[in-house]
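Report on the following structure.
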Amino acid sequence: MDKNSPSLETHVASIRMKNPVMTASGTFGYGNEYADFIDLNQLGATVVKGITNVPWPGNPMQRIAETPSGMLNAIGLQNVGVDNFIEKKLPYLRNFEIPVIVNICGERLEEYEEVTEKLDGTHGVAAIELNISCPNLHCGGMSFGVDSKLTHQLVNAVREKTALPLLVKLSPNVTDITVIASAAADAGADGLSVINTLLGMAIDIKTRRPMLENVTGGLSGPAIKPIALRMVWQIYNTVKIPIIGMGGIMTRDDAIEFFIAGASAVAVGTANFVNPRAPLDIIDGIREYLEQNGITSIGALVGSLQT
Amino acid sequence: MDKNSPSLETHVASIRMKNPVMTASGTFGYGNEYADFIDLNQLGATVVKGITNVPWPGNPMQRIAETPSGMLNAIGLQNVGVDNFIEKKLPYLRNFEIPVIVNICGERLEEYEEVTEKLDGTHGVAAIELNISCPNLHCGGMSFGVDSKLTHQLVNAVREKTALPLLVKLSPNVTDITVIASAAADAGADGLSVINTLLGMAIDIKTRRPMLENVTGGLSGPAIKPIALRMVWQIYNTVKIPIIGMGGIMTRDDAIEFFIAGASAVAVGTANFVNPRAPLDIIDGIREYLEQNGITSIGALVGSLQT
Amino acid sequence: MQPYISDQPKKFDLVTKILANEQVAQDHYLLRCVCPEIAEGALPGQFVHVLISFESAMLLRRPFTIYSVEGDQITILYQLIGAGTEVLSHLSCGDLLHVMGPLGNSFRIPPNLDPAIVVGGGAGIASLMLHAAALRKLGVRTLGLVGSVNAARLLTVVDLEGIDVETHISTDDGSVGHHGFVTEVLTQILEQPQVHELHNPAIYACGPHGMLRAVAKISRTYRVPTQLAMENRMGCAMGVCLGCVCKIRTPDGGFEYQRVCTEGPVFDSEDIVW
Amino acid sequence: MQPYISDQPKKFDLVTKILANEQVAQDHYLLRCVCPEIAEGALPGQFVHVLISFESAMLLRRPFTIYSVEGDQITILYQLIGAGTEVLSHLSCGDLLHVMGPLGNSFRIPPNLDPAIVVGGGAGIASLMLHAAALRKLGVRTLGLVGSVNAARLLTVVDLEGIDVETHISTDDGSVGHHGFVTEVLTQILEQPQVHELHNPAIYACGPHGMLRAVAKISRTYRVPTQLAMENRMGCAMGVCLGCVCKIRTPDGGFEYQRVCTEGPVFDSEDIVW
Ligand SMILES: Cc1cc2nc3c(=O)[nH]c(=O)nc-3n(C[C@H](O)[C@H](O)[C@H](O)COP(=O)(O)OP(=O)(O)OC[C@H]3O[C@@H](n4cnc5c(N)ncnc54)[C@H](O)[C@@H]3O)c2cc1C
Ligand SMILES: Cc1cc2nc3c(=O)[nH]c(=O)nc-3n(C[C@H](O)[C@H](O)[C@H](O)COP(=O)(O)OP(=O)(O)OC[C@H]3O[C@@H](n4cnc5c(N)ncnc54)[C@H](O)[C@@H]3O)c2cc1C
Ligand SMILES: Cc1cc2nc3c(=O)[nH]c(=O)nc-3n(C[C@H](O)[C@H](O)[C@H](O)COP(=O)(O)O)c2cc1C
Ligand SMILES: Cc1cc2nc3c(=O)[nH]c(=O)nc-3n(C[C@H](O)[C@H](O)[C@H](O)COP(=O)(O)O)c2cc1C
Ligand code: FES
Ligand code: FES
Chain A
1 MDKNSPSLET
11 HVASIRMKNP
21 VMTASGTFGY
31 GNEYADFIDL
41 NQLGATVVKG
51 ITNVPWPGNP
61 MQRIAETPSG
71 MLNAIGLQNV
81 GVDNFIEKKL
91 PYLRNFEIPV
101 IVNICGERLE
111 EYEEVTEKLD
121 GTHGVAAIEL
131 NISCPNLHCG
141 GMSFGVDSKL
151 THQLVNAVRE
161 KTALPLLVKL
171 SPNVTDITVI
181 ASAAADAGAD
191 GLSVINTLLG
201 MAIDIKTRRP
211 MLENVTGGLS
221 GPAIKPIALR
231 MVWQIYNTVK
241 IPIIGMGGIM
251 TRDDAIEFFI
261 AGASAVAVGT
271 ANFVNPRAPL
281 DIIDGIREYL
291 EQNGITSIGA
301 LVGSLQT
Chain B
308 MDKNSPSLET
318 HVASIRMKNP
328 VMTASGTFGY
338 GNEYADFIDL
348 NQLGATVVKG
358 ITNVPWPGNP
368 MQRIAETPSG
378 MLNAIGLQNV
388 GVDNFIEKKL
398 PYLRNFEIPV
408 IVNICGERLE
418 EYEEVTEKLD
428 GTHGVAAIEL
438 NISCPNLHCG
448 GMSFGVDSKL
458 THQLVNAVRE
468 KTALPLLVKL
478 SPNVTDITVI
488 ASAAADAGAD
498 GLSVINTLLG
508 MAIDIKTRRP
518 MLENVTGGLS
528 GPAIKPIALR
538 MVWQIYNTVK
548 IPIIGMGGIM
558 TRDDAIEFFI
568 AGASAVAVGT
578 ANFVNPRAPL
588 DIIDGIREYL
598 EQNGITSIGA
608 LVGSLQT
Chain C
615 MQPYISDQPK
625 KFDLVTKILA
635 NEQVAQDHYL
645 LRCVCPEIAE
655 GALPGQFVHV
665 LISFESAMLL
675 RRPFTIYSVE
685 GDQITILYQL
695 IGAGTEVLSH
705 LSCGDLLHVM
715 GPLGNSFRIP
725 PNLDPAIVVG
735 GGAGIASLML
745 HAAALRKLGV
755 RTLGLVGSVN
765 AARLLTVVDL
775 EGIDVETHIS
785 TDDGSVGHHG
795 FVTEVLTQIL
805 EQPQVHELHN
815 PAIYACGPHG
825 MLRAVAKISR
835 TYRVPTQLAM
845 ENRMGCAMGV
855 CLGCVCKIRT
865 PDGGFEYQRV
875 CTEGPVFDSE
885 DIVW
Chain D
889 MQPYISDQPK
899 KFDLVTKILA
909 NEQVAQDHYL
919 LRCVCPEIAE
929 GALPGQFVHV
939 LISFESAMLL
949 RRPFTIYSVE
959 GDQITILYQL
969 IGAGTEVLSH
979 LSCGDLLHVM
989 GPLGNSFRIP
999 PNLDPAIVVG
1009 GGAGIASLML
1019 HAAALRKLGV
1029 RTLGLVGSVN
1039 AARLLTVVDL
1049 EGIDVETHIS
1059 TDDGSVGHHG
1069 FVTEVLTQIL
1079 EQPQVHELHN
1089 PAIYACGPHG
1099 MLRAVAKISR
1109 TYRVPTQLAM
1119 ENRMGCAMGV
1129 CLGCVCKIRT
1139 PDGGFEYQRV
1149 CTEGPVFDSE
1159 DIVW
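So the protein sequences, as listed, match chains A, B, C and D. For the first sequence, position 58 matches number 58 in my numbering, and the numbering has no gaps at all. In my numbering, each residue's number is its place in the second sequence (first place is 1) plus 307. In my numbering, each residue's number is its place in the third sequence (first place is 1) plus 614. In my numbering, each residue's number is its place in the fourth sequence (first place is 1) plus 888.
Here's what the structure looks like:
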């Protein structure tokens, strides 16, 4: 690599990444789906679809709907379960050098603990992302992430079960995100993923039925970027653990905004549905931006907002 | 009016409107600005820009920024103050037959009371909309709207000062909007305006400065529609007082979604900036929709979501 | 034989100039563009995922079946449904389009098939044309049942007859052919196996949800193996968002949600849980 | 004389077909369309608020000064800045545009003005052309100071000379005319009132924020009455969102935020608080 070209290397807690761009949970499957478009080794890291203790069937259809500059989803965490994940999905991911972060979810605290125990020490798992913000579960999921006490309890419990780097994925559906962020940090989180989807809804005026069978779903995409940026910035000014910023990142410029606001890394989500090469385009773009602006490392950009 | 054509007449509390479409506070000035495009008498009602006890200069520029399918604003409630409003702005509005709803704001509870006292019994004021959700004040404003106790206190205090219909405008920047809605209803609100803007932020990556001098601002426009709809629906299923739905309504179809979700009336905001005839286009569209679907009155549409 | 993991040709995301985008029937347009890599791998029943513009407030791509492949060109035949197809119909020759594909599995041809019965409702016929052409190339006798709202919307009958498909038309208003649903025509044909020489028939159908459901019922009654091309709302079309799923029977008597974009769009009729 | 409540001509929001949209210099385009009602009322310095498309994720309109009025047609001269002007530049003859206007106040002409000095930086000159034309029609001697990054971006010099405006060019790279800022040329001219016969001069300027600030300083030093056309980010352009404000001195020695879209875009230089 040319000596004067800026360094994209980043650390999130003890997770070392060759660049600060990862794929967001639930938007990149288990890595193999995009093989025709993306060499996984070029990513900073990948976060797999949310995993639960036992396989989940997911919600009935319709599960998604388009909204202005965004989309709603109510997938309901359809997933093969942690055992099948370790047995059938993880081996493929082991072929690559990038950190594999496993997003986990559950309805009860014990489920989170069980999944964590199974993943802890499993070869090929670089970190755990605790999803306390899934808006599509009727119990569990988001209900943890909107209560600072429950957040502290859950993070604490999971922390005890593993030495792996522990990321906590926060819900934006709260009055004060910094309170939840602090609770997670105090309970031993190594980093924060900000943000998950906002709870939204859409209606088919022809049938007068909800666009989603689940009625409400999680809003993602460019529409939520201003809210995500604001939360990253609020948290950056409150807690000291690293932030993985996400929410509507489609282009290089979007990603740069998140770094300036205080994110140490970013995750690309819905953009993968629109542009299968989005993460790579963004990585190239970040390098270009750093060069153009004479910034030698991504670290120098993080939290550099002039107010 | 042709006998078979559906009735658009609506009541929000004791506010009688010939149609269910009003203009949202801060997006339609004091009514005269749009005279070249809109005959005020064709509107269901108009809500004027937020008024405070004394004139406010507002925030320094930049005050607005565009975001995907949305915009941020941090105007800081620049307004002429309640006395000038009554003296200079209200007389013009008295020339029309539509209800004039006055949006009021303040930093302290006492200010809300004072403004209310001045408006109470003033000829030409049909109702008061209590803005407890302005995201651009450093004290007051939103801080009331994100705390159910403060909301109850404030609504209660203002309720004592006036017999006018009292609408409370809720902030979406909360964990559970139904808690705030219930508090407002319990304290004597006659109706709820849902929603105000979401707190957001945008960054200029060339200068690495915030797009808004105030750093954060209120997000409005189509981007927030799914969130607004969800909150209207949640509130409709919780409290029994009428709801004025708003948030990203650009077209007839958007408005219809809000009625189906449970809004008795809708307010058109940011759309006024894009299409100066938006409120009238939407009124015509609603009549058309009712006709096409054989619905005889707007009331029959309200809350008709099939789940 | 499910889940339908077809050995997928490689996927490409191409930026291409529109060569033609013409109205071919009321509310229906035929769009042609150069997509060499996609044209090369495309199998009958596969689709492309089309991005109209990055500036648009319409975030997601739109899926359309590959209607025909000619050399390095492909065409799609689309119906005006909402805002996306509306915008698409306004694009003109020379405008850019992002086309991702080929995607999904494809129709399968059982041994000694005779005849193939392709049943298309509305734009559904678009998803069957490439398959019908392949069948004819293999010398398989093919009946084409085309249903439409009215004559003005009748599609591709010419194209079908051009490849010697014995077409049966039906319109809701009776303006052409059978006055009624295409499924009624299907029943009539299955009622007279001799007349129509149904030695070893199979049904391939695509169209509105209600019609597919009716076809499934009929095919169960007459015990004719049937493949349905499903059209669900899609996000990624890459198999990761799990937004496009269809309820599919599992051997254990239960069900699972399978991805129309990956295990589908073509499913065996009897596997679908309605 | 402030706030500048100009007696506003009636406003219209027209849907019009683009007649022409051509590049006239590097990164600069001239767009022409038929807007009879707007053309009729337009005053020098007024602007239109342009909606590119309702489908776009770019929600807001874009403001552009009316560059010229010819019969029932108007033109705007715009520079490529970001996504909006980018999209605008891709529109072609026949495409639809929503044009709202005429908006804002206009330049004022003091009695016995001689000469008028119009100072334009970059696309700023676009906001002065209609005014310069009006001045020349009134027989007012007019100097035109045009600043640009380089020769390739030089604008409207031809147009200015076409109406006998004595033009002074400056470029940042010295490729044409004075090597440096347009404000330096302004100073040179004001330094030699005899040479340039500055009997009763007034300055009209438009351009980047930094340049306007420099012009304000210079005009204070040389005590020349100056009007500046401000270009702030805009929401409604109707005077209701209060997003476009500019900090203006009040008689009581304080200040207030006035609306560039309504009290402006033209303000007296000495009234502006920088
Ligand atoms: C595998 C597959 C193949 C298809 N092939 C064809 C074809 O060859 N010709 C054709 O005319 N149509 C086809 N469709 C349907 C086509 O994708 C939709 O009609 C189109 O997406 C409508 O977009 P819109 O913006 O006009 O409608 P809108 O209703 O405005 O779209 C809103 C959202 O709903 C989705 N949507 C709406 N209707 C459908 C539908 N029927 N199926 C799937 N998604 C829908 C859109 O993709 C978009 O995300 C196919 C669909 C699938 C899944
Ligand atoms: C009264 C007035 C008259 C103008 N006349 C002209 C003209 O004749 N020719 C010309 O080339 N430009 C003119 N401008 C500037 C022009 O409006 C902007 O360059 C244009 O809006 C940029 O849009 P964009 O999407 O390409 O840039 P982006 O930066 O992508 O736009 C993002 C947002 O910022 C706003 N914005 C960005 N730059 C400016 C700016 N300099 N001024 C105001 N808003 C801005 C946009 O309107 C949009 O809301 C004028 C501005 C105003 C206020
Ligand atoms: C279809 C879909 C599925 C998702 N599944 C998960 C999930 O399983 N676990 C999780 O933590 N987040 C999930 N998310 C949230 C994303 O990881 C991301 O936080 C969110 O979409 C915001 O980023 P974006 O706007 O770039 O998509 C999902 C998002 C989408 C759109
Ligand atoms: C520029 C601007 C100014 C606003 N000012 C006020 C205000 O003074 N008081 C208030 O209660 N809401 C105010 N709002 C919020 C709107 O009334 C409305 O609740 C919000 O914009 C959502 O609706 P919309 O998406 O249709 O704009 C303002 C919104 C905008 C965009
Ligand atoms: S569309 Fe995303 S999984 Fe099928
Ligand atoms: S742009 Fe809205 S007040 Fe000027």
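For each residue, glycine too, the CB sits at the ideal point set by N, CA and C. Quick caveat, the model's predicted, so the values are computed rather than measured.
> Span of the alpha helix (DSSP H) holding B:I512?
Replying inline: Premise fails: B:I512 is in no alpha helix (DSSP H) and is neither H nor E.
>> So if DSSP puts C:P677 in a beta bridge, which residue, or which two residues, is it bridged to?
In response: C:H663
> Leaving out the 5 sequence neighbours to the left and right, which residues in its chain are closer than 7 angstroms to D:D1052 when beta-carbon positions are compared?
Replying inline: R1024
> Just by C-beta distance, which residues in the region 30-51 of chain A are closer than 7 angstroms to chain C?
Replying inline: E33, Y34, D36, F37
>> Short of 8 angstroms Cβ to Cβ, which residues in the region 68-94 of chain A face chain C?
In response: P68, S69, G70, M71, N73, I75, Q78
> Which word fits B:T317, buried or exposed, when buried means at least 16 other C-beta atoms lie within 10 angstroms of its C-beta?
Replying inline: buried
> Which ranges would you report for the beta strand (DSSP E) in the region 571-613 of chain B if only whole runs of at least 3 residues count?
Replying inline: 572-575
> Relative to chain C, which residues along the region 942-960 of chain D have a C-beta separation below 9 angstroms, given in chain order?
Replying inline: F942, E943, S944, A945, M946, L947
> Along the chain, where does the beta strand (DSSP E) that runs through C:D627 open and close?
Replying inline: 626-639
>> Using a Cβ-based criterion (distance less than 6 angstroms to any ligand heavy atom), does D:M1122 qualify as near ligand 6?
In response: yes
> Taking all protein chains shown into account, do 16 or more other C-beta atoms lie within 10 angstroms of the C-beta of A:M1, making it buried, or fewer, making it exposed?
Replying inline: With a pLDDT of only 48 at A:M1, under the threshold of 50, the placement of this residue in the model should not be trusted, and no figure is reported.
> Do the CB positions of B:L587 and B:Q385 come within less than 7 angstroms of each other?
Replying inline: no
>> Taking beta-carbon pairs under 8 angstroms, can you tell me which members of the region 958-991 of chain D lie near chain C?
In response: A971, V975
>> Does A:G81 come out as helix, strand or coil in the three-state DSSP assignment?
In response: helix
>> Strictly by DSSP, which residues pair up with C:C820?
In response: C:G734, C:A843
> For ligand 2, is there a heavy atom less than 6 angstroms away from the beta-carbon of D:G970?
Replying inline: yes
> So which residues on chain A does C:Y871 lean against when the C-beta distance must stay under 7 angstroms?
Replying inline: P57, G58, Q78
>> Any beta carbon of chain B sitting closer than 7 angstroms to that of A:G303?
In response: no
> Which class does A:G221 belong to by DSSP, given the choice of helix, strand or coil?
Replying inline: coil
> For C:G836, which three-state DSSP category applies?
Replying inline: A small correction: the amino acid at residue 836 of chain C is Tyr; Gly does not occupy that position in the sequence shown. C:Y836 falls in the coil class under three-state DSSP.
>> Extract the residue ranges of the alpha helix (DSSP H) inside the region 992-1057 of chain D, only unbroken runs of 4 or more that lie entirely within it.
In response: 1017-1025, 1045-1050
> Going along chain B, which residues have a C-beta under 8 angstroms from A:M61?
Replying inline: Per Cβ cutoff of 8 angstroms: no residues; A:M61 is ~15 angstroms from chain B at best.
>> For a test of the three-state rule: what should DSSP assign to D:V1064, helix, strand or coil?
In response: coil
>> Give me the chain A residues within the contact set of C:K831, using Cβ-Cβ distance strictly less than 9 angstroms, ordered along the chain.
In response: Here the premise fails: no neighbours, minimum Cβ distance about 20 angstroms.
>> ligand 2 and D:T973: does any heavy atom of the ligand fall closer than 6 angstroms to the residue's C-beta?
In response: yes
>> I'd like to know whether the C-beta of B:P327 is nearer than 7 angstroms to at least one C-beta of chain A.
In response: no
> Going by Cα to Cα distance, which pick from B:S500, B:D493, B:I531 is closest to B:R466?
Replying inline: B:D493
> Which residues, in order along the region 771-792 of chain C, keep a beta-carbon less than 9 angstroms from a beta-carbon of chain A?
Replying inline: none
> Hey, C:Q557 and C:I680: beta-carbon distance below 7 angstroms or not?
Replying inline: Nothing can be reported for residue 557 of chain C, as the shown portion of chain C is limited to 615 through 888.
> By DSSP, does D:F1143 sit in helix, in strand, or in coil?
Replying inline: strand
> From what residue to what residue does the beta strand (DSSP E) around C:K861 run?
Replying inline: 859-863
> In chain B, which residues lie less than 7 angstroms from A:I64 when you measure between Cβ atoms?
Replying inline: Going along chain B, no residue has its Cβ under 7 angstroms from A:I64, so there is no contact; the nearest lies around 12 angstroms.
> Going along chain B, which residues have a C-beta under 8 angstroms from A:E257?
Replying inline: A509, I510, I512
> Mind pulling the chain D residues with CB within less than 7 angstroms of B:F580?
Replying inline: L948, G1123, C1124, C1129
>> Assuming D:S977 is part of the alpha helix (DSSP H), what are its boundary residues?
In response: 971-978
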